[in-house]
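Notes for the one structure printed next.
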């Protein structure tokens, strides 16, 4: 199967699971409570479903079996959507469009959007707990899996990166700070998407380490490409504001290294991601290198 | 031991555990990362520690044993502090003072306060997971305990109540909506503070049900007294804005039923809380009725 067809098929399976999760939020009257409407709006507003695809693909690459891995992947999409909703808020980036649609707070108001974000975060851990249980993980592995996702989301992960990012706007920062921001803000969740697949498949330390390196590198490449698309992309294709990073004085890879060197850095990271798999059973898997390659070539 | 001395002793033990939790957030340089500073500020800005005290007291009343229950109680204080920080934000209630000090966003800015809130929420579930493990709970009971706290916090609990509350400002609402707001916004977390103690002590359904009724009633009384203090209290004593509910057109008990009837309603709820304990082993416990009585008489 070629990578485009694989990604398309996985995305449609993930979207089906997300729909079921949203349905489970309906009240006894068959309707979604108000906050859940805003949660569902942002969750179904498109998206590549990269994080769940990584979880499912790494799970399979580690010989994991069980449909419940899709729900675990969806939990990461819920967390990702929480970060998007809060990032777009007026007190944060104040963005009006996301994936070609009005952002959550433009549609539902600031307050409801703020609640919707936290609501998604809470639901994510509920879904994650129950899918780890459905996969039959014992209590230590389950606690480890949940704790790894919580750590990747909190002050030592995504939130830590967001804070440094916002506080660095319009200030000179060094390469180390730029590295810190991106390895935490975007990298942490992509990395844990990969390692979560391994943990749910009961993989050993060696495989978890290989997937940490794989995930770290594709997360890095993903962020560089994201910066390039913000700088050079087309609004119609990208579905969100273009040129907004520069206007805001954001620390980005193209602003720092220029577009050509940035593209080279992304390509090197994708190579390193593939190399990280060699020498283990993961080297046999055809999909993981293909996903890494896709991240480099994506246009949105 | 009289109730005042008991509450004071428990509060100081809980504060010690909170300090240890905060210490665990320090980096390798011995300093708190920036978001954690804001988290620690709000967490140590005072507070009665009612929720952890309830968890510990209900745990003991159910014959639970183990010091780790204090950390589980602290997890609820972290969640409570998250709700306070977000409630005070300009997009929510826009309050300047809390417990006699500048609110988190007045001290650290809106963005950092928003992150600090979410950071506390994430840490809470980490702390809860590990304390349930320390108490030796098996995986099903642990998952149940964590899920009950997540449900009490999310759209079906605190957040659900906050949303309806904010959307009801300056609008006529009926008794059912007022009931919904308070049983969710304040009630859900107080209720789960009680039942969490029972679950951690491996209590049976009967005790969990009795403590659900106990917690529901004291939560109700707590909210009525809170409304009365907002209306009639003294800024020095209460430590936050007084008369702010009325200025904002909030749906409160005194605004709806008048102060005298509100006080009677609170007293009836405290009676019902104590009655809920009768007929079970919990009726023997001296502290639970005393805590209920304290809630009625509190001046801040």
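Residue numbers (the working numbering), protein chains in the order written: chain A, 1145 to 1444; chain B, 1145 to 1444. Ideal Cβ positions, reconstructed from N, Cα and C, are used throughout, including at glycine.
Only residues of its own chain outside the window of five on either side were considered, and among them 1182 have a CB closer than 6 Å to the CB of residue 1256(A), listed in chain order.
Residue 1177(B) belongs to the set of residues whose beta carbon lies under 8 Å from a beta carbon in chain A. Between the stretch 1410 to 1428 of chain A and the stretch 1389 to 1396 of chain A, the count of C-beta pairs closer than 8 Å stays below three; the two stretches do not touch. A Cβ of chain A is located within less than 8 Å of the beta carbon of residue 1283(B).
Counting along the chain, no alpha helix (DSSP H) covers residue 1428(A), and no H or E run does either. Counting only runs of 3+ residues, no beta strand (DSSP E) is found wholly inside the stretch 1285 to 1309 of chain A. Straight-line measurement puts the Cα of residue 1221(A) at about 12 Å from the Cα of residue 1293(A). Residue-level contact check: residue 1267(A) touches chain B, since one or more beta carbons of chain B fall below 8 Å from its beta carbon. Within the model, the alpha-carbon separation for residue 1203(A) versus residue 1313(B) is close to 48 Å.
Residue environment for residue 1348(B): exposed (fewer than 16 other C-beta atoms within 10 angstroms of its C-beta). By the rule that beta-carbons nearer than 8 Å mark a contact, residue 1202(B) does not touch chain A. Taking a contact as a CB-CB distance under 8 Å, the pair residue 1296(A) and residue 1333(A) counts as one, their CB atoms being some 6 Å apart.
Taking the beta carbon of residue 1297(B) as reference, the chain A residues within 8 Å of it are 1266, listed in sequence order. Shown here, residue 1245(B) sits in a strand according to DSSP, grouped into three states. The distance from the Cβ of residue 1161(B) to that of residue 1206(B) is about 20 Å, inconsistent with a contact at the 8 Å cut-off. Residue 1254(B) has a beta carbon lying within less than 8 Å of a beta carbon in chain A. Think of a sphere of 7 Å around the beta carbon of residue 1286(B): the chain A residues whose beta carbon falls inside it are 1283, in chain order. Residues of the stretch 1349 to 1362 of chain B whose Cβ lies closer than 7 Å to any Cβ of chain A: none. As the crow flies, the alpha-carbon of residue 1441(B) is around 33 Å from that of residue 1267(B). Neighbours of residue 1230(A) in chain B, taken as residues whose beta carbon is under 9 Å from its own, are 1258, 1259, 1262 in chain order. Cβ-Cβ distances below 6 Å link residue 1326(B) to 1367 in the same chain, with the five nearest sequence neighbours on each side left out; the list follows chain order. The alpha carbon of residue 1185(A) has as its nearest neighbour, out of 1194(A), 1163(A), 1174(A), the alpha carbon of 1163(A). Interface residue (Cβ-Cβ distance to chain A less than 8 Å): residue 1306(B) is classified as such. Beyond the five residues adjoining it in sequence on each side, residue 1389(B) comes within less than 8 Å, by CB distance, of 1371, 1374, 1375, 1396, 1399 in the same chain, given in chain order. If you look at residue 1206(A), you'll find it isn't in any alpha helix (DSSP H); DSSP assigns it neither H nor E. The DSSP-derived three-state label of residue 1367(B) is helix. Shown here, residue 1211(B) sits in coil according to DSSP, grouped into three states, outside any helix or strand.
Using a Cβ-Cβ cut-off of 8 Å, residue 1248(B) does not count as an interface residue toward chain A, since no Cβ of chain A sits closer than that to its own.
Minimum Cα-Cα distance from residue 1301(A) among the listed residues 1167(A), 1360(A), 1152(A), 1235(A) corresponds to 1360(A). Inter-segment contact for the stretch 1226 to 1236 of chain A and the stretch 1270 to 1278 of chain A is absent: fewer than three beta-carbon pairs are separated by less than 8 Å. By the neighbour-count criterion, in which a residue is buried when 16 or more other Cβ atoms sit within 10 angstroms of its Cβ, residue 1404(B) is exposed. Taking a C-beta distance under 8 Å as the contact criterion, residue 1260(B) and residue 1269(B) do not qualify as a contact pair.
For residue 1159(A), the enclosing alpha helix (DSSP H) covers residues 1147 to 1167. Residue-level contact check: residue 1235(A) touches chain B, since one or more beta carbons of chain B fall below 8 Å from its beta carbon. For residue 1398(A), the enclosing alpha helix (DSSP H) starts and ends at 1397 to 1401.
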